[in-house]
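Trainee: Got a structure here, written out as structure tokens. Questions coming.
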Amino acid sequence: MSKRFYITTPIYYVNDKPHIGHTYTTVLADVFARHHRMMGEEVYFLTGTDEHGQKIEKTAAARGITPQQLADEVMPNFENLWKRMGLTNDHFVRTTHAQHKAVVQERFKQLLDTGDIYKATYKGLYSVSDEAYVTETQAKELQTQGLAHQLVELEEESYFFKLSTYEHWLIQLYEKYPDFALPDFRLNEVKQFVAPGGARGNLQDLSISRTSITWGIPVPGDDRHVVYVWFDALLNYLSACREGFWPPTLQLVGKDILRFHAVYWPAFLMAMFRQEGEDLNGELPARIRALLPKTILAHGWWLMGEDKMSKSKGNIVRPDDLLRFGNDAGRYFLLRDMQIGHDRSFSFEGFMERLNADLANGLGNLASRSLSMLQRYRGGVVPVAVLFDDLDREVAEQGRKIAPVYLALAEKHDFSGALDHLWAYLRYLDGYIVKAEPWKLAKDDANQAKLDTVLCQLYRSLRATAILVAPVMPELAQQLWESLGMAGKVVEQRFADFQYEASAPGPVGEPKPLFQRIDKETVMKEMAEPTLAAPTAVAETPVEYAPLKENIDYDTFSKTDLRVGLVITAEAVPKSKKLIKMTVDLGFETRTILGGIKEAYTPEELVGRKIVVVANLAPRTLMGFESQGMLLAASDSNSMPYLIAPPADAKPGFIVK
RNA sequence: GGCUGGGUAGCUCAGGUGGUUAGAGCGAGGGUCUCAUAAUCCCUAGGUCGGCGGUUCGAGUCCGCCUUCAGCCA
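Mind the numbering: the first sequence is residues 21 to 677 in this note's numbering, read in order.
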């Protein structure tokens, strides 16, 4: 039986709109899956959606539909995207699947029976505005912002998972099997969390149920409770596992959710799989280790410049931006530019430069010139290399090494390094062509054997490249494969069977451009057009409609004095996450106004903008500054604020009504 | 505040255990070839290797302090 490879992505929250982060994780998983299939392994590739929780419940209620209807409606945002991108996930799990619910309930009950889950009272600080419990750190932050009044201490009955029981085994897992979580600096963070400074007894038990939510999986035997997020979500990897594939070989996660995957998740599994007589304070049994995921791989984030992406800054990169030049181009870029584990800033220009340099000028041009010479000088029939000088020998040597080195780097999860290495080789081949000058050899009968050698080596190198990059760029690799006169599907090739010097089967085809060079300036111009006041287009995900407030009469409304204002200066308020301090010209006077829009707008982009101001609002002091008014912005509870913008020719001081 | 990890050419980054003129890719400038997708190839970057001090015959490379950025602290 061949080796098995079970790879997962996190399940994505259905309410989110897919962005480059989701795309990156899932593409990465797809590349791994394809790569391991070409290694001859049996692969099971799982992704899906997380569909429970309060947000879904609320949004659905506001729209007058059931949470399930809402989930059904938005789930395709993900599933269809992956289909459109040609991803090869073997299954798409939803936490609303009956199978999943059954497994969660069954496991919950099991752990209830073993005493790993118990009922108690949950106490914590609850943020009224966020409708969620907050952490100590978050609470402190709110207090420094003067928002302490939003916090209330709340108590509710909850089921707890005895996380503390597994501290010893967890620490052993990290110490003895450091490849359990990668990269190593992320594992360190996990260790610090479980045992800060090596201290024991820091793990607190985990609340895994809620009575305040109804949209979720009922706790077996106590349906006032619903299973809370992580015990529900993480178990998808178990509930949707295909027979015979357990445990997961590689689980991809963003760095933000590593902790849940590297602490809670193995602890849940330890609790489920442990047997009588196994000492929780002794050695971690090898039997248990073998039932836990082999590796959790945490990747970094795509940033815009220094910043995280945010919806209303208009700097969020959507899958379609990435797919603008084709699926394969996007895939290549994601894999080549992101070093796994590290953050990376995205720029559209960098994206295009990478594609031009590597795909058009690099591989595309090399294939084009090689194939064209094979056609022109040898009628498309690939000759056999017979005569080798030092340069040819070196090229052959490099050629034989390219696949082993590439595969070794890929084995270490380093596709960026592998592609980098392969492209260095392609550059080297361009140099080889210039040194060998096949166009001169062709003119001299005495040099025909030498010309054969050069053409043959180029052919072999391209064939190796087509196979190696097939998991990353399946379409482009197939096209190259066919141009080289090879039959069948390149993805059906097996790395182990590959031989650099294998003979060529058939005449090569006409060279077709593998990747069309991008005219950067034209594209940038096109993209610049539609960006106006609204930073991004309307979200595709359903808006969360807040319930209407009670009616008021006209007189009440007319007491509000709304004015057009022009932002003259703007600066971020130090130590505040949200506030920006602005000087606003109201025509008849100038005001200082503070607005909580820092997450959505930078001070620079505010200057010169016209906004709408509530001009007769009593002044209020925020973070030590007096705000003499309030600005108007639109949002739902999911989105960043969108500033309300008067038309360009409205003058400061105009009344808005 | 505690614990990590960074600050190296315009940009993105390499630089095991200290040792001659600090490297790569991209971008930019100049030149070349003509098989090729105005592609290739060659040359060109005068970088106080964040700052100060120390150890050493000799330090991006070790030590201390400072500064700054990022991550984790349920």
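All C-beta atoms, glycine included, are put in the ideal place defined by N, C-alpha and C.
Predicted model only: the values in this text are computed from it and were never measured.
1) Between residue 588 and residue 354, what straight-line distance do the alpha-carbon atoms span, to the nearest angstrom?
2) Assuming residue 581 contacts residue 636 (C-beta within less than 8 Å), just tell me the rounded distance between them.
3) For residue 543, which residues of its own chain have a beta-carbon under 7 Å away from its beta-carbon, when the five flanking residues on both sides are left out?
4) Under 8 Å between the Cβ atoms of residue 448 and residue 484?
5) Below 8 Å on the Cβ atoms is my guess for residue 304 versus residue 285; work out the distance and round it to an integer in Å.
6) Could you pull the start and end residues of the beta strand (DSSP E) that residue 180 belongs to?
7) Express the C-alpha separation of residue 374 and residue 493 in angstroms, rounding to a whole number.
8) If contact is defined by three or more beta carbon pairs under 8 Å, each pair taking one atom from either stretch, is the segment 292-312 in contact with the segment 263-270?
9) Classify residue 437 as helix, strand or coil using the three-state DSSP reduction.
10) Three or more beta-carbon pairs under 8 Å between the segment 193-204 and the segment 37-45, yes or no?
11) Do you know how far the Cα of residue 608 is from the Cα of residue 671?
12) Return the residue from the list 58, 593, 48, 628 that minimises the CA-CA distance to residue 615.
13) With DSSP as the reference, label residue 641 as helix, strand or coil.
14) DSSP three-state label for residue 257, please.
15) Assuming residue 31 and residue 70 form a contact by the criterion Cβ under 8 Å, report the distance between their Cβ atoms to the nearest whole angstrom.
16) At 3 residues or longer, and completely inside the segment 193-269: list those beta strand (DSSP E) runs for me, N to C.
17) What three-state label does DSSP hand residue 308 in the structure shown?
18) Looking at the unbroken alpha helix (DSSP H) that takes in residue 78, where does it start and where does it end?
19) Between residue 239 and residue 142, which are expected to be in contact by the criterion C-beta below 8 Å, what is the C-beta distance as a whole number of angstroms?
20) Starting from residue 589 and walking both ways along the beta strand (DSSP E), at which residues does that stretch end?
21) Give me the Cα-Cα distance between residue 115 and residue 575, rounded to the nearest whole angstrom.
22) Along the chain, where does the beta strand (DSSP E) containing residue 46 start, and where does it finish?
23) Which same chain residues end up closer than 6 Å to residue 452 when comparing Cβ atoms and leaving out the 5 residues on each side of it in sequence?
24) CB-CB under 7 Å to residue 337, same chain, minus the five flanking residues each way: which ones, in chain order?
25) Where does residue 244 land, buried or exposed, given buried means 16+ other C-beta within 10 angstroms?
26) Using a threshold of 8 Å, state whether the C-beta atoms of residue 675 and residue 632 are closer than that.
27) Between the Cα of residue 697 and the Cα atoms of 196, 139, 604, 358, which residue gives the shortest distance?
28) Nearest to residue 294 by alpha carbon, out of 56, 584, 112, 127?
29) Report the option in 403, 529, 432, 445 whose CA atom is closest to the CA atom of residue 473.
30) Would residue 95 and residue 490 be called neighbours here (beta carbons separated by less than 8 Å)?
31) With contact counted as at least three CB pairs below 8 Å, one residue from each stretch, are the segment 511-531 and the segment 68-88 in contact?
32) Using the C-alpha atoms, what's the distance from residue 64 back to residue 562?
33) Would you kindly work out how many angstroms separate the C-alpha atoms of residue 606 and residue 639, rounded to a whole number?
34) Quick check on the DSSP output: the alpha helix (DSSP H) that includes residue 529 runs from which residue to which?
35) Among 600, 297, 207, 477, which residue has its Cα nearest to the Cα of residue 523?
36) Are residue 291 and residue 210 close, meaning C-beta to C-beta below 8 Å?
Mentor: Taking the structure as given:
1) To locate residue 588, count along the first sequence from 1; it is residue 568. To locate residue 354, count along the first sequence from 1; it is residue 334. Between residue 588 and residue 354, the C-alpha separation is close to 40 Å.
2) Against the first sequence, residue 581 aligns to sequence position 561. Against the first sequence, residue 636 aligns to sequence position 616. Correct: roughly 4 Å between the Cβ atoms.
3) On the first sequence, residue 543 is found 523 positions in, with the first residue counted as 1. So the qualifying residues of the chain are 372.
4) Taking the first residue of the first sequence as position 1, residue 448 is located at position 428. Taking the first residue of the first sequence as position 1, residue 484 is located at position 464. With respect to residue 484, residue 448 sits apart: the two C-beta atoms are not nearer than 8 Å.
5) Residue mapping note: residue 304 aligns to position 284 of the first sequence, counting from 1. Residue mapping note: residue 285 aligns to position 265 of the first sequence, counting from 1. That belief does not hold up - the Cβ atoms of residue 304 and residue 285 are roughly 15 Å apart, past 8 Å.
6) Mapped onto the first sequence, residue 180 falls at position 160. Segment 171-181, the beta strand (DSSP E) holding residue 180.
7) The residue given as residue 493 occupies position 473 in the first sequence. The residue given as residue 374 occupies position 354 in the first sequence. C-alpha separation (whole angstroms): 15 Å.
8) Counting C-beta pairs with one atom in each stretch, the segment 263-270 and the segment 292-312 have three or more that are closer than 8 Å, which means they touch.
9) For the purposes of this step, residue 437 is identified with residue 417 of the first sequence, where counting begins at 1. Looking at residue 437 - three-state DSSP - the assignment turns out to be helix.
10) Output reads no: the segment 37-45 does not touch the segment 193-204.
11) Taking the first residue of the first sequence as 1, we reach residue 671 at position 651. Taking the first residue of the first sequence as 1, we reach residue 608 at position 588. One alpha carbon belongs to residue 671, the other to residue 608, and they sit about 11 Å apart.
12) The sequence position of residue 615 within the first sequence is 595, counting from 1. Taking only the C-alpha atoms, the option nearest residue 615 is 593.
13) Position 621 of the first sequence, counted from the start, is the residue given in the question as residue 641. Of the three classes helix, strand and coil, the one that applies to residue 641 here is strand, per DSSP.
14) Here the question's residue 257 lines up with position 237 in the first sequence. If DSSP states are grouped into helix, strand and coil, residue 257 belongs with the helices.
15) For this step, residue 31 is matched to residue 11 along the first sequence. For this step, residue 70 is matched to residue 50 along the first sequence. Right, the Cβ-Cβ distance comes to about 4 Å (below 8 Å), so this counts as a contact.
16) 242-247, all fully within the segment 193-269.
17) Translated into positions along the first sequence, residue 308 becomes position 288. Reduced to three states, the DSSP call for residue 308 is helix.
18) Position 58 of the first sequence, counted from the first residue, corresponds to residue 78. In the DSSP assignment, residue 78 falls within the unbroken alpha helix (DSSP H) covering 74-83.
19) Residue 239 sits at position 219 when you count from the first residue of the first sequence. Residue 142 sits at position 122 when you count from the first residue of the first sequence. Wrong, their Cβ atoms sit about 14 Å apart, outside the cutoff.
20) Here the question's residue 589 lines up with position 569 in the first sequence. Here the beta strand (DSSP E) through residue 589 covers 582-592.
21) Taking the first residue of the first sequence as 1, we reach residue 115 at position 95. Taking the first residue of the first sequence as 1, we reach residue 575 at position 555. Rounded to whole angstroms, the gap between the alpha carbons of residue 115 and residue 575 is 50 Å.
22) By one-based count along the first sequence, residue 46 stands at place 26. Careful: residue 46 lies outside any beta strand (DSSP E), inside the alpha helix (DSSP H) at 40-58.
23) Here residue 452 refers to the residue found at position 432 when the first sequence is read from its first residue. Within the same chain, residue 452 has close Cβ partners 415.
24) The count along the first sequence starts at 1 and reaches residue 337 at position 317. Only 39, 40, 322, 329, 366 meet the Cβ criterion.
25) Indexing the first sequence from 1 puts residue 244 at position 224. With fewer than 16 Cβ atoms within 10 Å of its Cβ, residue 244 is classed as exposed.
26) Within the first sequence, residue 675 is the residue found at index 655, counting from 1. Within the first sequence, residue 632 is the residue found at index 612, counting from 1. Going by C-beta atoms, residue 675 is not nearer than 8 Å to residue 632.
27) The structure shown does not extend to residue 697, since the chain spans only 21 to 677, so no value can be given for it.
28) Reading the first sequence from its first residue, position 274 is the one you call residue 294. Ranking the options by Cα distance to residue 294, first place goes to 127.
29) Reading the first sequence from its first residue, position 453 is the one you call residue 473. Nearest of 403, 529, 432, 445 to residue 473, Cα basis: 403.
30) Against the first sequence, residue 95 aligns to sequence position 75. Against the first sequence, residue 490 aligns to sequence position 470. The answer is no: Cβ separation not under 8 Å.
31) No, the segment 511-531 does not touch the segment 68-88.
32) Looking up residue 562 in the first sequence gives position 542. Looking up residue 64 in the first sequence gives position 44. A caution first: residue 562 carries a pLDDT of 48, below 50, which makes its placement in the model unreliable, though a value can still be read off. So the two alpha carbons sit approximately 32 Å from each other.
33) To locate residue 606, count along the first sequence from 1; it is residue 586. To locate residue 639, count along the first sequence from 1; it is residue 619. The C-alpha of residue 606 lies about 16 Å from the C-alpha of residue 639.
34) Indexing the first sequence from 1 puts residue 529 at position 509. Judged by DSSP secondary structure, residue 529 falls outside any alpha helix (DSSP H); it is assigned neither H nor E.
35) The residue labelled residue 523 in the question sits at position 503 within the first sequence. Among 600, 297, 207, 477, the Cα nearest to that of residue 523 belongs to 477.
36) On the first sequence, position 271 is the one that residue 291 refers to. On the first sequence, position 190 is the one that residue 210 refers to. Here residue 291 is not near residue 210, since their CB atoms are 8 Å or more apart.
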